[in-house]
């Protein structure tokens with residue numbers, strides 16, 4: 045026995061089928077490419093080298109994660125406000141609200157972490173397929189992936205600089221050598237800013 | 004409303020091809036889903052919902068990945084046996100070693116993806132259940148094709164914790 049799916053034949057169908065789930069947002073970003081403004085940081089290391097740029101699906105996952113991170117931050121602010129205003133007479137009501145907020149913060153944070161993990165798995169595989177395996181420490185920006193300074197020997201991939209995500213420009217691309225199944229998307233990419 | 008940059012499913016599939024998200028989209032669109040878990044419900048299981056189409060697509064993508072991984076391992080084993088009986092310095096041996104490298108990469112990728120998609124699958128389910136007001140869930144399982152349950156035997160029960168379901172805030 046197999047599980048059945050509602051038939052999806054149009055973009056509207058797929059948006060409807062995913063409604064309410066984070067996948068809806070990912071597909072929305074893929075379809076509309078209306079990426080949000082990301083906070084700008086200017087702490088890129090001079091020794092950093094741009095090696096690639098994010099693909100559209102990677103951008104869509106990143107933007108969704110960014111959206112969820114913002115939601116979590118807003119919820120934390122609300123949580124702290126309720127905490128600060130908690131009065132003994134209405135303590136029970138306040139605690140109930142806090143409990144609800146805690147669960148929401150916890151579940152959304154988990155989704156953020158899982159999206160981040162999935163994003164990097166995809167990026168690492170893509171770079172590997174493009175012949176950029178073991179490129180060193182990578183830092184991500186929405187549009188550029190950079191090899192961080194050799195001084196950074198943590199060996200970990202990091203999202204610390206992800207706020208930079210600028211433009212999918214004409215970063216150097218490498219031929220696909222190691223994975224015959226891998227194909228780059230050739231659709232035009234819209235500028236973020 | 005912003006104008007869509009992509010207007011057809013074909014474009015959507017093309018743009019997400021070979022990405023982890025592409026796998027989920029392919030599963031969403033595919034009418035042929037993988038066989039679902041057939042473990043039946045027991046009296047002590049507590050049904051808390053059914054899988055949505057997105058969750059089913061994730062389940063299907065996971066199932067396809069899990070099925071593909073052993074194929075790669077068998078192929079890797081075949082090549083490693085083949086390579087042992089030929090001249091290690093021959094061109095054939097070099098080509099086979101390259102083939103093995105590719106397979107190893109595929110296996111690593113598949114296993115990482117299985118791990119990530121599985122986490123995401125359960126996060127999506129939990130977030131939805133919480134949004135529907137079903138909270139305080141510690142353990143979950145899928146039984147009878149697409150029924151989400153708090154299973155009969157859970158570590159939580161073993162450890163003596165009380166499982167409660169609160170519906171509605």
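Chains as they are written, first to last, in my numbering: chain A, 45 to 237; chain C, 4 to 172.
All C-beta atoms, glycine included, are put in the ideal place defined by N, C-alpha and C.
Give the secondary structure of residue 97 of chain A by DSSP, where H, G and I count as helix, E and B as strand, and everything else as coil. In the first chain, residue 97 of chain A corresponds to position 53, counting from 1. Residue 97 of chain A: strand per DSSP, three-state reduction.
Return the CA-CA distance between residue 97 of chain C and residue 105 of chain C, expressed in angstroms with no decimal places. Numbered from 1 along the second chain, position 94 holds the residue referred to as residue 97 of chain C. Numbered from 1 along the second chain, position 102 holds the residue referred to as residue 105 of chain C. Going by the C-alpha atoms only, they are around 13 Å apart.
Residue 50 of chain C (DSSP reduced to helix, strand or coil): Sequence index remark: in the second chain, residue 50 of chain C carries index 47 (1-based). Three-state DSSP puts residue 50 of chain C in a strand.
Strictly under 8 Å for the Cβ-Cβ distance: is residue 129 of chain C near chain A by that measure? By 1-based counting over the second chain, the position of residue 129 of chain C is 126. Answer yes: the Cβ-Cβ gap between residue 129 of chain C and chain A drops below 8 Å somewhere.
Rounded to whole angstroms, what is the Cα-Cα separation between residue 102 of chain C and residue 60 of chain C? For the purposes of this step, residue 102 of chain C is taken as the residue at position 99 of the second chain. For the purposes of this step, residue 60 of chain C is taken as the residue at position 57 of the second chain. Cα to Cα, the separation comes out at about 31 Å.
Could you name the residues of chain A that residue 25 of chain C contacts, counting a contact when the two beta carbons are closer than 8 Å? For this step, residue 25 of chain C is matched to residue 22 along the second chain. Here the neighbours are 101.
Reducing DSSP to helix, strand and coil, say where residue 150 of chain C ends up. On the second chain, position 147 is the one that residue 150 of chain C refers to. Strand.
Option in A:62, A:57, A:152 with minimal Cα separation from residue 134 of chain C: Residue mapping note: residue 134 of chain C aligns to position 131 of the second chain, counting from 1. Answer by Cα proximity: A:152.
Buried or exposed: residue 107 of chain C, going by 16 or more other Cβ atoms within 10 Å of its Cβ? Against the second chain, residue 107 of chain C aligns to sequence position 104. Exposed, by the Cβ-count rule.
Decide if residue 148 of chain C is buried, meaning its Cβ has at least 16 other Cβ atoms within 10 Å, or exposed. Within the second chain, numbered from 1, the residue matching residue 148 of chain C stands at position 145. Per the 10 Å Cβ criterion, buried.
Cutoff 8 Å: residue 107 of chain A Cβ touching any chain C Cβ: Residue 107 of chain A sits at position 63 when you count from the first residue of the first chain. It does not; no Cβ of chain C falls within 8 Å.
Short of 7 Å in beta carbon distance, which residues of its chain neighbour residue 126 of chain C, apart from the five on each side in sequence? Order them along the chain. Within the second chain, residue 126 of chain C is the residue found at index 123, counting from 1. Closer than 7 Å at the Cβ level, and outside the excluded window around residue 126 of chain C, lies no residue.
Considering only their Cβ atoms, is the gap separating residue 49 of chain C from residue 152 of chain C smaller than 8 Å? Sequence index remark: in the second chain, residue 152 of chain C carries index 149 (1-based). Sequence index remark: in the second chain, residue 49 of chain C carries index 46 (1-based). The answer is yes: Cβ separation under 8 Å.
Give the list of continuous alpha helix (DSSP H) stretches no shorter than 4 residues that lie fully inside the stretch 36–124 of chain C. 56–87
Could you say which of A:154, A:135, A:136, A:140 lies nearest to residue 115 of chain A if we only look at CA atoms? Walking along the first chain from the start, residue 115 of chain A turns up at place 71. Nearest option by C-alpha distance: A:154.
Spatial distance of residue 213 of chain A from residue 97 of chain A (CA atoms): On the first chain, residue 213 of chain A is found 169 positions in, with the first residue counted as 1. On the first chain, residue 97 of chain A is found 53 positions in, with the first residue counted as 1. The pLDDT assigned to residue 213 of chain A is 31, lower than 50, so where the model puts this residue is not dependable; a value taken from the coordinates is nonetheless given after this. Distance between the alpha carbons of residue 213 of chain A and residue 97 of chain A: 7 Å.
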